[in-house]
Amino acid sequence: MPFFARALALAGLTALVSVPASTAHPAAQQGVGAVVEAFGERGPTLPSETPPPEFSVDPRTSPAAWDDVPEVILDAIDAATLLAEDARDQLAGGIPLRVGVVRHLEGGPISAQVDGVWIDRPDGSVLWRMRLSAFAAGGVGLNFSRFDLPEGGRLVIGGMHDDEALLAYDGLGPMYKGFFSAPPVAGEAAFIEYQGPARTRHAVQIEIAEVAHLYRDPWTGEPVGEGGVSLLPCQVDVMCRTVDNNARDAVGRMVFQSGQGTYVCSGALLADQDQNTFAAYFLTANHCISTQAEANTLSVRWRYQTNTCNGSPSFFGTTAGATLLANSSNTDFSFMRLSNDVNLGQGMAGWTTASVSGTVRGIHHPGGSFKRYSSGATTTQQPICGGLPLSRYVYNDWNDGVTEGGSSGSPLFNTNWQVVGQLFGVCYYNEPGCNNPNDYNNVYGRFSVTYPSVSSWLTAIIPDDQYEDNDDFASAKPIPVGTYALRLVDFEDYFRFTLAGPAVVTFDVTYAEANMDLALRVYNNFFAQLAMSNQSNGVEHIQLSLPAGDYYVRLNRTLRWGGDYTLKIASAAPPCPPDLNNDGSIGQPDLGMLLADFGCVSGCFADIDGDGDVDQGDLGVLLAAFGTSCP
C-alpha cells in the first residue's frame, strides 16, 4: 500500500511503534492551558532581484549546441525491486515514501576545474557546461559538496522538460553554507551551466559528489516503467473544492534525502503571532525529517497544483534547506525554519490549541504529485492503535478523497482552516483503499500537544527599529545625513532624505551576512532607480553626484532571516558643480541640460549655486566656467 502505516497485531490492535526522546524546546515540559491560536495570512510578493534564469543556448530547444559538452552517464537501476521494497515499507510503516536513490559518482566528484567544458565568449564573459544523465530516470537531482561562485556568477540547472522552470544559484548557494542539494529536475538528464564575468574561471568552486536518481516521475508521482502502484482513483484535486486559499497555498511538496534514499512528504507554513514578520516556520512529520542532515537536503515546491479543476499542474518556485528547530516522535512532529523566508505570496496557515471534533479537512501531495484534498470527520471508533493514543493523536475517517504515501506531514484543518495536526499515518484492519473506510482510521499528531515545543517561535514578537512601519515609498521615514543603527525583521525598509544643494553622496550599509543578504537602492523623487548595490558580502556601497532635491533609500532582504544593520549617508560638496553631465569638462552639453531645467523651483537637477531653483545665478556660474575642465 503506498502510504505510511503502522504494522498491527490485529487481535489486540497494538501498533509496533517506539517513542524515543524528543528534541524540543524546554517549553515542551509545560502544560497547555488556555487556547492559543493564530489565523491564516498571506505573505508578501516581492519582485525578483535577478532576471529569470536562462541557458545561453537552451539544450531543450537547441540540443545540437550541447553535442560537444562532456556527459557523465549513470547506468539504470533495478526500479522494480526498489518499488517492491517500497510497497513492503509502506505496509510496515515508519518510513516516508521513497522516490529515488542517492548514487555516488564512481569516478569521484564532478569538478568545474577538471570536468566539463569552458567557453570564452566574445564579450569576455565565460561559461562552464556539463551534462549528467541517469538511464531510465524519472528525474535527476544534484548534491553539491562544494559551491562557491564569484560575484556576478550564477549556475543554471535544467532538465529535459521545456515547461519546467530552470533553477539558478549564486554565492554560497541557497543555504549560504557552501553545500546543498538541488531539487530534482524531470527526465533522464540534468544540464548544468555556469555563467560568469570575465576572469572568474579560476575562482569558481563547484563539486558534485552525488546524484539523486529518481524512479518515480517528480511531477506525477507515478513509477517510471512497470511494477509500481499508481495513486488511488479516489484522489480529489484541491482545485475542485472550495477551500481557504491561505491554507491551500501554505502546503508544500517536500523532497529530501535520508541515507541513500530520496523521499517525498508534505508540510505547511505556519503563521506566527507577529504581524510584522513572515517567518518561514514549517511543520511536517518527524518520520519525514528528524535530523539536521536531512533538513539540509530539503527542497519545498510551492503552489504545486492545477490552475483549474482537473487541469494541468504547475508550481511557483522552490525553497531549499532548513534549520531543524524541534521534533519529537511523541506526536510525530518536525518543526523547521526554512533557510530563506518565503516572499512569493505564500499562504501561511493558521493554527489552534483548541480541541477538535467533527468536520476536518486535509490538503496534501500524495506520491509527491500535485495538491489534493480530503474531507471527513474525527472519530474515536476502532481501529485505535495502542501506541498512538487519542490523547496525543487525532483519528478521522475520510468521506471525500484519501491520503497516501507522500501525504505524510500534511496539515489537518478544522472548520476555521486552522491546523490541528500533521499526518502520521493510518491505523487499519485491512489495507486502506477507496471502498473500505470502516477498515482504517487516519492518524494525525495533535497540534495542541505539539504546541509547547514550538510556542516560543510562533508567539515571539521581534521588535523592529523606531522607523517601522516604513515598508514602501509612501511610508518612507525622513532622515538627515548621518549614521543609523537599524533592524530589518520583515522584508523592506524605505527612507527619504533631502539635499539642499548639489553634493557627492555616499551610502554605506554593513550587516552580518550570516543573518541576511541586503540589496541597497537609491531613487530620485520620481521613484526612478539611480543606483543599486547587492554584493552579498555584508557590505554595500553607492556613491552618486546628486543635485538638490528629495531622494529615497530602499533596503530589501533577499536571503535568510533578517537582523541588525547599519546605514551611513554622508555628503560632500561636488568638486565641479557646473559639470552637470559629469564628463570632466564644462561645455555645450552642460549648458543644454541647464537650459532644459531653467525655471525649475523645486528638486532641480541644474541648481548649481544651491539656492533651490534654476535661474540667472546658475547660468552665470556655468558660463563663467564654460570651456574649462574640472580640477
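The numbering of the sequence shown is the numbering used here, which starts it at 18 and goes up by one. Backbone N, C-alpha and C fix where the C-beta goes; we use that ideal spot for every residue, glycine too. Keep in mind it's a predicted model, so treat the numbers as computed, not measured.
Distances from the alpha-carbon of residue 486 to those of 503, 475, 472 put 503 closest. Apart from sequence neighbours up to five positions away, the residues of its chain that approach residue 634 with a beta-carbon distance below 7 angstroms are 626, 628, ordered along the chain. Nearest C-alpha to residue 530 among 173, 500, 560, 582: 582.
The three-state secondary structure of residue 410, taken from DSSP, is strand. Pairing residue 447 with residue 396 gives a Cβ-Cβ distance that is not under 9 angstroms.
DSSP places residue 462 outside any alpha helix (DSSP H); the residue lies instead in the beta strand (DSSP E), whose first and last residues are 457–463. With distances taken between CA atoms, residue 202 lies nearest to 182 out of 520, 182, 221, 163. If the five residues before and after residue 562 are omitted, its C-beta is found closer than 7 angstroms to the C-beta atoms of 521, 591, 599, all from its own chain and listed in chain order.
Taking C-beta atoms as the reference points, residue 569 and residue 490 count as a pair closer than 9 angstroms. For residue 100, the secondary structure class from DSSP, reduced to helix, strand or coil, is helix.
Shown here for residue 200: same chain residues with a beta carbon closer than 6 angstroms to its own, the five before and five after excluded, namely 272, 316, 335 in chain order.
Between the C-alpha atoms of residue 572 and residue 444 there is a straight-line separation of about 52 angstroms.
Residue 506 counts as buried, since no fewer than 16 other beta carbons sit within 10 angstroms of its beta carbon.
Under the 8 angstroms Cβ criterion, the stretch 361–370 counts as touching the stretch 287–296, having at least three qualifying pairs.
By the criterion of at least three beta-carbon pairs nearer than 8 angstroms, the stretch 217–232 is in contact with the stretch 141–151. Check the Cα spacing between residue 556 and each of 352, 524, 547: the tightest is with 524.
Contact between the stretch 308–324 and the stretch 77–96 is not established, with fewer than three Cβ pairs separated by less than 8 angstroms. DSSP places residue 606 inside the alpha helix (DSSP H), whose first and last residues are 605–614. Three or more beta-carbon pairs drawn from the stretch 128–136 and the stretch 207–223 are found closer than 8 angstroms, and the two stretches are therefore classed as touching. The stretch 419–435 and the stretch 398–410 do not touch, with fewer than 3 CB-CB distances between them shorter than 8 angstroms.
By the 16-neighbour rule on beta-carbons within 10 angstroms, residue 382 is buried. Rounded to whole angstroms, the separation of the alpha carbons of residue 268 and residue 205 is 28 angstroms.
Within the stretch 481–508, the complete beta strand (DSSP E) segments at least 3 residues long are 499–505, listed from N- to C-terminus. Annotated three-state conformation of residue 435 is strand, per DSSP. Taking C-beta atoms as the reference points, residue 337 and residue 356 count as a pair closer than 9 angstroms.
Residue 414 and residue 392 have their C-alpha atoms roughly 8 angstroms apart.
Partner residues in the beta bridge of residue 352, as assigned by DSSP, are 300, 343. The Cβ neighbour count for residue 216, taken over all protein chains shown within 10 Å, is under 16; the residue is labelled exposed. Taking 8 angstroms as the upper bound for CB-CB distance, residue 518 and residue 565 are in contact here, some 5 angstroms apart. In the three-state DSSP reduction, residue 168 falls in the coil class, being neither helix nor strand. Note that the C-beta distance between residue 145 and residue 221 is below 9 angstroms. In this structure residue 621 is buried. Its beta-carbon is surrounded by 16 or more other beta-carbon atoms within 10 angstroms. When DSSP reads this structure, residue 573 sits in a beta bridge with 509, 536. Around the beta-carbon of residue 219, fewer than 16 other beta-carbon atoms lie within 10 Å, marking it exposed. In this structure, DSSP gives residue 313 a helical state, which the three-state scheme calls helix. Between residue 300 and residue 399 the beta-carbon gap is near 28 angstroms, outside 8 angstroms, which marks them as no contact.
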